[in-house]
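Peer 1: Numbering (UniProt numbering), first residue to last: 53 to 402.
One structure follows; several queries about it will come next.
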Ligand code: 13P
Ligand code: SF4
């Protein structure tokens, strides 16, 4: 029963003490986030993983790429555990290593003598892509620092290959004043990503054709109907939403930006939110003096974040108490070192 799960998680945590730290992403369900020693967006969680050196085990309640990042950044004596090994990210899955390696090779061939290109990957990607960025003067970014990282990249090369979220890439490039006609989309199923060499040479941004299935559900029509119902509404969305949705929203930012903005807003204010439903529901619960709802009337959970169930958390914690490490996330050493270079470049920027 939920009560028994709760009691057992409580008891085993007492037993494990500070040897285990639990990190939780804002999209985790309520029954999980209540156990987190620290909760945050991808950026804050990566900083936290790098600094919590006292714990031997980091139990990461989030998705696979986040746990992998924690594993790259944490100290050698620490082990990172993902309670449910199937908690992936459909966006990260849209950029498999072989396709990215092929694309990178093709881009070198076409652009090598034409001002070059730097790879920048969103945190939501596999470790191998972060390593490719580390080897090729590139960096990682998150939704909270994408403009700073892109600016940094454009100080070093004429072009950027942005992986794997085309929307975050496009929205961030627009913020930096790069016009749409200097952006191309790279479709991994087509030769040269579906572009001609001339189009690639003209482009400043090459956007990998990936997207988030949760955030692409938010539309300008939903923004309009929220405004029709509540003329004073504030609309805040995540930058993984399509450009057209950002254009009509009042503001956009990372999950931490959304959380902070709404928590600090005056009583009585009204908020329509374009992000994952667990965070929206939590904000509504914590701010009963404000009107807060999800832009999409059919609520949109991230199905992989949802795979972290209290029963899995209990299983890994009781395993640790019995001397068993289950679901440890590891990254091969060379890949870890190269990916770390790209992550450190990002961390140094802020
Ligand atoms: P944040 O970087 O804003 O936490 O977002 C992570 C994510 O997966 C959003 O879909
Ligand atoms: Fe991946 Fe989208 Fe889920 Fe974020 S919300 S973890 S990008 S599928």
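Yeah, the Cβ is synthetic: ideal placement off N, Cα and C, and Gly gets one too.
1. If I'm right that residue 178 touches residue 155 with Cβ under 8 Å, what's the distance once you round it to whole angstroms?
2. Compute the Euclidean distance between the alpha carbons of residue 350 and residue 380, then round it to the nearest angstrom.
3. Identify every run of the beta strand (DSSP E) within the stretch 338 to 393, keeping only runs that are complete inside it and at least 3 residues long; order them along the chain.
4. By the 10 Å Cβ neighbour count, where 16 or more other Cβ atoms means buried, how is residue 241 classified, buried or exposed?
5. If you measure between the beta carbons of residue 267 and residue 293, is that distance less than 7 Å?
6. Could you name the residues of the same chain whose beta carbon sits closer than 7 Å to that of residue 329, not counting the 5 residues immediately before and after it, in chain order?
7. If you draw a straight line from the C-alpha of residue 158 to the C-alpha of residue 171, how long is it?
8. Let me check you understand the geometry: is the CB of residue 313 closer than 6 Å to at least one non-hydrogen atom of the ligand 13P?
9. Across which residues does DSSP place residue 304 in a beta bridge pair?
10. To test your reading of the DSSP string, which unbroken beta strand (DSSP E) runs of 3 or more residues are found completely within the stretch 237 to 297?
11. Please report the residue range of the beta strand (DSSP E) in which residue 152 lies.
12. Pop quiz: residue 100 and residue 75 are said to be a contact at Cβ under 8 Å. What is the actual Cβ separation, rounded to whole angstroms?
13. Which word fits residue 401, buried or exposed, when buried means at least 16 other C-beta atoms lie within 10 angstroms of its C-beta?
14. Any heavy atom of the ligand SF4 closer than 6 Å to the CB of residue 143?
15. Kindly give me the distance between the Cβ atoms of residue 220 and residue 198, rounded to whole angstroms, as I take these residues to be in contact under 8 Å.
16. Do residue 133 and residue 383 have their CB atoms nearer than 7 Å?
17. Apart from the five residues just before and just after residue 54, which ones in its own chain have a Cβ nearer than 8 Å to its Cβ?
18. List, from N- to C-terminal side, the alpha helix (DSSP H) runs of 4 residues or more that fit wholly inside the stretch 59 to 96.
Peer 2: With the given structure in hand:
1. Numbered from 1 along the chain shown, position 126 holds the residue referred to as residue 178. Numbered from 1 along the chain shown, position 103 holds the residue referred to as residue 155. The beta-carbon distance between residue 178 and residue 155, rounded to whole angstroms, is 14 Å. This is too long to meet the 8 Å contact definition.
2. Here residue 350 is taken as the residue at index 298 of the chain shown, counted from 1. Here residue 380 is taken as the residue at index 328 of the chain shown, counted from 1. About 35 Å.
3. 343 to 346
4. Here residue 241 refers to the residue found at position 189 of the chain shown. Residue 241 is exposed by the Cβ-count criterion.
5. As a position in the chain shown, residue 267 is number 215, starting the count at 1. As a position in the chain shown, residue 293 is number 241, starting the count at 1. Closer than 7 Å, so yes.
6. Looking up residue 329 in the chain shown gives position 277. Hits under 7 Å: 346, 351, 352 and 353.
7. Start at 1 with the first residue of the chain shown, and residue 158 comes out as number 106. Start at 1 with the first residue of the chain shown, and residue 171 comes out as number 119. The alpha-carbon atoms of residue 158 and residue 171 are separated by roughly 13 Å.
8. If you number the chain shown from 1, residue 313 lands on position 261. Not under cutoff, so the answer is no.
9. As a position in the chain shown, residue 304 is number 252, starting the count at 1. Paired residue(s): 289.
10. Listed in chain order, they are 257 to 260 and 286 to 289.
11. Taking the first residue of the chain shown as position 1, residue 152 is located at position 100. That residue, residue 152, is in no beta strand (DSSP E); its alpha helix (DSSP H) goes 149 to 163.
12. Position 48 of the chain shown, counted from the start, is the residue given in the question as residue 100. Position 23 of the chain shown, counted from the start, is the residue given in the question as residue 75. That pair is a contact at about 6 Å.
13. Residue 401 sits at position 349 when you count from the first residue of the chain shown. Residue 401 should be labelled exposed.
14. One-based indexing of the chain shown puts residue 143 at position 91. Residue 143 Cβ: within cutoff of the ligand SF4.
15. Your numbering for residue 220 matches position 168 in the chain shown. Your numbering for residue 198 matches position 146 in the chain shown. Right, their Cβ atoms sit about 6 Å apart.
16. Mapped onto the chain shown, residue 133 falls at position 81. Mapped onto the chain shown, residue 383 falls at position 331. No; because the gap between Cβ atoms is not below 7 Å, this pair is not in contact.
17. As a working note, residue 54 is residue 2 in the chain shown. Correct list, in chain order: 83 and 362.
18. 82 to 85
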